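Undergrad:
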Amino acid sequence: MQAKMRRLGLIASCLSMVLGGFGMIYCLPFLFSPVLEDLVGAGLPFVGGAILFAAGLISFSIKNKKARPDNGLIPSGLHSSIA
159 MQAKMRRLGL
169 IASCLSMVLG
179 GFGMIYCLPF
189 LFSPVLEDLV
199 GAGLPFVGGA
209 ILFAAGLISF
219 SIKNKKARPD
229 NGLIPSGLHS
239 SIA
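Numbering of the sequence shown is given in our numbering, commencing with residue 159 and proceeding in unit increments.
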């Protein structure tokens, strides 16, 4: 069950990044228009696509985070109080 949920989370993260990127690319030509309505109409979905892409990227990086080996850079007492 844990593996299925992890896989579903990774698929959702990738899908969010793909759809956010597609939304930004779709709105990009309208951002070069001299008409104010086109700028507003394309600017808001462009920001929405950027938010979707960023959220998917953050989620993907959290899901793929691996445990870091202890290389002695952080004192053991400090490391245990942070984690």
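Note that the Cβ used here is the ideal one computed from N, Cα and C, for glycine as well. Predicted model, so just to flag it, every value in this text is computed and none were measured.
By the 10 Å Cβ neighbour count, where 16 or more other Cβ atoms means buried, how is Ser174 classified, buried or exposed?
TA: For the purposes of this step, residue 174 is taken as the residue at position 16 of the sequence shown. Its Cβ being crowded by 16 or more others within 10 Å, Ser174 is buried.
Undergrad: Nearest-angstrom Cα distance between Lys162 and Phe188?
TA: Position 4 of the sequence shown, counting from 1, holds the residue named residue 162. Position 30 of the sequence shown, counting from 1, holds the residue named residue 188. Lys162 and Phe188: Cα-Cα distance of roughly 40 angstroms.
Undergrad: Helix or strand or just coil, what does DSSP make of Lys223?
TA: Residue mapping note: residue 223 aligns to position 65 of the sequence shown, counting from 1. It is coil, neither helix nor strand.
Undergrad: Shortest alpha-carbon distance to Leu202 belongs to which of Cys172, Met182 and Leu177?
TA: Locating residue 202 in the sequence shown gives position 44, where the first residue counts as 1. Taking only the C-alpha atoms, the option nearest Leu202 is Met182.
Undergrad: With DSSP run on the structure shown, which of helix, strand or coil describes Val193?
TA: Within the sequence shown, numbered from 1, the residue matching residue 193 stands at position 35. The answer is coil: DSSP assigns Val193 none of H, G, I, E or B.
Undergrad: Near Phe218, what residues of its chain come up, given a Cβ to Cβ distance below 6 angstroms and the 5 sequence neighbours on each side ignored?
TA: On the sequence shown, residue 218 is found 60 positions in, with the first residue counted as 1. Excluding positions up to five away in sequence, the list reads Ser171.
Undergrad: If we call anything under 9 angstroms between Cβ atoms a contact, is Gly207 one with Leu177?
TA: Position 49 of the sequence shown holds residue 207. Position 19 of the sequence shown holds residue 177. Yes; because the gap between Cβ atoms is below 9 angstroms, this pair is in contact.
Undergrad: What's the call for Leu194, buried or exposed, on a 16-neighbour Cβ count within 10 Å?
TA: Residue 194 sits at position 36 when you count from the first residue of the sequence shown. The residue is exposed, with fewer than 16 neighbouring Cβ atoms inside 10 Å.
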